[in-house]
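Novice:
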Amino acid sequence: MRVAFVSFETVHHRESETNRRLQTILELLSEQGHDVHVCCAQFWDGERSTIKRTGISYHRASAGLEAPTSFLARVPFVLAKLGPDVVHASVRPPKQALAARWGGMLARAPTILEWYGDGGITNDWWTRRAARWADWIVVPSELVETWVRELGVDEATVEVVPNPIDVDRIDGVSPGDSVDVVYARRLDADANLESLFLALAELRTRDWRAVIVGDGPEREAYEQLAGELRIDDRVRFAGACSLEERLAIYRGAHVFAQTAEHCVFPTEMLWALAAGCVGIVEYHADSSAHELVEGWDRGFRTTSEEELVDAILEAGGLARRDTDDRFASYDAGAVRDRYLTIYRTLQDSSSLV
-18 MRVAFVSFET VHHRESETNR RLQTILELLS EQGHDVHVCC AQFWDGERST IKRTGISYHR
42 ASAGLEAPTS FLARVPFVLA KLGPDVVHAS VRPPKQALAA RWGGMLARAP TILEWYGDGG
102 ITNDWWTRRA ARWADWIVVP SELVETWVRE LGVDEATVEV VPNPIDVDRI DGVSPGDSVD
162 VVYARRLDAD ANLESLFLAL AELRTRDWRA VIVGDGPERE AYEQLAGELR IDDRVRFAGA
222 CSLEERLAIY RGAHVFAQTA EHCVFPTEML WALAAGCVGI VEYHADSSAH ELVEGWDRGF
282 RTTSEEELVD AILEAGGLAR RDTDDRFASY DAGAVRDRYL TIYRTLQDSS SLV
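No gaps in the numbering here: position 318 of the sequence shown is 299 in the working numbering, and each next residue is one more.
1. Measure how close the beta-carbons of T35 and S11 come, nearest whole angstrom, since I'm counting them as under 8 Å.
2. Check whether the stretch 227 to 238 and the stretch 147 to 163 touch, using three or more Cβ-Cβ pairs below 8 Å as the test.
3. Just how far apart, CA to CA, sit A170 and E199?
4. Quick one: which unbroken alpha helix (DSSP H) runs of 4-plus residues sit fully inside the stretch 228 to 268? Chain order, please.
5. Return the chain-ordered ranges of every beta strand (DSSP E) run that is complete within the stretch -18 to 50 and spans a minimum of 3 residues.
6. Can you give the Cα-Cα distance for A229 and F218, rounded to whole angstroms?
7. On the CB-based measure, 16 or more other CB atoms within 10 Å of its CB, does D278 come out buried or exposed?
8. Let me know if V334 comes out buried or exposed under the rule of 16 or more other beta-carbons within 10 Å of its beta-carbon.
9. What is the residue span of the alpha helix (DSSP H) that W106 lies within?
10. Determine the extent of the beta strand (DSSP E) in which T283 is found, giving its start and end residues.
11. Would you grab the beta carbon distance between H40 and H18 for me? Rounded to a whole angstrom, and I think it's under 8 Å.
12. Among residues of its own chain, excluding the 5 on either side of G64, which ones have a beta-carbon nearer than 6 Å to its beta-carbon?
13. Ordered along the chain, which non-local residues of its own chain (more than five positions away) have a Cβ less than 7 Å from that of I212?
14. I'd like to check one pair, F(-11) with F58: are the Cβ atoms closer than 8 Å?
15. Suppose the cutoff is 6 Å on Cβ atoms and the five residues either side in sequence are ignored; what does the same chain contact list for H265 look like?
16. Expressed to the nearest angstrom, what Euclidean distance is found between the alpha-carbon atoms of E288 and T(-1)?
17. If you compare alpha carbons, which of S43, D147, A172, C20 is closest to L9?
Next comes the structure, spelled out in structure tokens:
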């Protein structure tokens, strides 16, 4: 299948959750032999209009990020020349959804919007219009689905497709040292690690060990807080770790705690749960983390410091595991098949028109 993606910016321009999600989809499709193309701003040197990297073709629709207007004008014609079976566009910036839609019409191909929602969704005119231009919208969680539907989108055209993980990769990593609680995230203003630290401080008379995975601008402040709460001797800050290092930590840990205030999809928590951790989530209105533990006997949702303390205690009574096949449906192959099913369904619908 030939799939053309439209994204002014890619991971080759800037690392972000939205761009990483797009790159993951590109790689999943390319690895299975599909013909994958990306219309984007140029990020490579030289005068070539097209380059190919790891099986993915990138097409210049503007000379760089300084030329968004020319990008929007050229995208429809690049798509028409490519003749894809499906057009798959990122919704950031929203005006590119219109360019992708026009290109899809010229190529006689259905248009899908990839709406990750990192940073929230602005309810402005262009965003509302973008929501109505696509044949289908894909979001990572029910939280983002709600945000999109608030723009006036028919819920029948929105589908939740989670971020994928590689289940086999988990099995290939040996469990690390035994720890009781692990937290993993960039340590920034939204990390809300203080909630976990306050709960652990309430349990300082008990025997426990915790690991904090990740780095960021607030790390020093959190290290200081651990000292002030007199728990710094039992909390290890592991810093930034490779995926293999993180998986070893998760397979050796008993509980994964998610207290961040903003999260459109808790990918790191998903890795940890599939690696056998019990999941504890502190509920926040702008976080979808609770969706992974709802209705699960090894998951807890809390709304206060007291409930967080109780959940940690109750989780301590559950058996330790270093893998959990409940999350096999999040494997990369299963997620790729979800996208292919959407593509083929829209193709079949378009052929009947």
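We treat Cβ as the ideally placed atom computed from N, Cα and C, and that holds for glycine. Predicted model only: the values in this text are computed from it and were never measured.
Specialist: This is what the structure gives:
1. For the purposes of this step, residue 35 is taken as the residue at position 54 of the sequence shown. For the purposes of this step, residue 11 is taken as the residue at position 30 of the sequence shown. Yes, they are in contact, since the Cβ atoms of T35 and S11 sit about 7 Å apart, within 8 Å.
2. yes
3. Sequence index remark: in the sequence shown, residue 170 carries index 189 (1-based). Sequence index remark: in the sequence shown, residue 199 carries index 218 (1-based). Going by the C-alpha atoms only, they are around 7 Å apart.
4. 248 to 255
5. -17 to -13, 16 to 22, 31 to 34, 37 to 43
6. By 1-based counting over the sequence shown, the position of residue 229 is 248. By 1-based counting over the sequence shown, the position of residue 218 is 237. Rounded to whole angstroms, A229 to F218 spans 15 Å at the Cα level.
7. Position 297 of the sequence shown, counting from 1, holds the residue named residue 278. Classification of D278: exposed, given that the 10 Å Cβ count is below 16.
8. As a working mapping, residue 334 is identified with position 353 in the sequence shown. Caution is warranted here: a pLDDT of 46 is assigned to V334, below 50, making its placement in the model unreliable, and no coordinate value can be reported.
9. To locate residue 106, count along the sequence shown from 1; it is residue 125. Per DSSP, W106 belongs to the alpha helix (DSSP H) from 106 to 114.
10. Position 302 of the sequence shown, counting from 1, holds the residue named residue 283. Here the beta strand (DSSP E) through T283 covers 280 to 283.
11. The residue you call residue 40 lines up with position 59 of the sequence shown. The residue you call residue 18 lines up with position 37 of the sequence shown. Right, their Cβ atoms sit about 6 Å apart.
12. Taking the sequence shown and counting its residues from 1, one reaches residue 64 at position 83. A88, listed in sequence order.
13. Position 231 of the sequence shown, counted from the start, is the residue given in the question as residue 212. Counting only Cβ-Cβ distances below 7 Å, and skipping sequence neighbours, we find F178, L181, A182, R185.
14. Residue 58 sits at position 77 when you count from the first residue of the sequence shown. Residue -11 sits at position 8 when you count from the first residue of the sequence shown. In this structure, F(-11) does not lie closer than 8 Å to F58 by Cβ.
15. Residue numbering aside, residue 265 sits at position 284 when the sequence shown is read from its first letter. Around H265: E242.
16. Here residue 288 refers to the residue found at position 307 when the sequence shown is read from its first residue. Here residue -1 refers to the residue found at position 18 when the sequence shown is read from its first residue. Separation of E288 and T(-1) (C-alpha to C-alpha, rounded to the nearest whole angstrom) is 32 Å.
17. For the purposes of this step, residue 9 is taken as the residue at position 28 of the sequence shown. That would be D147, whose Cα lies nearest to the Cα of L9.
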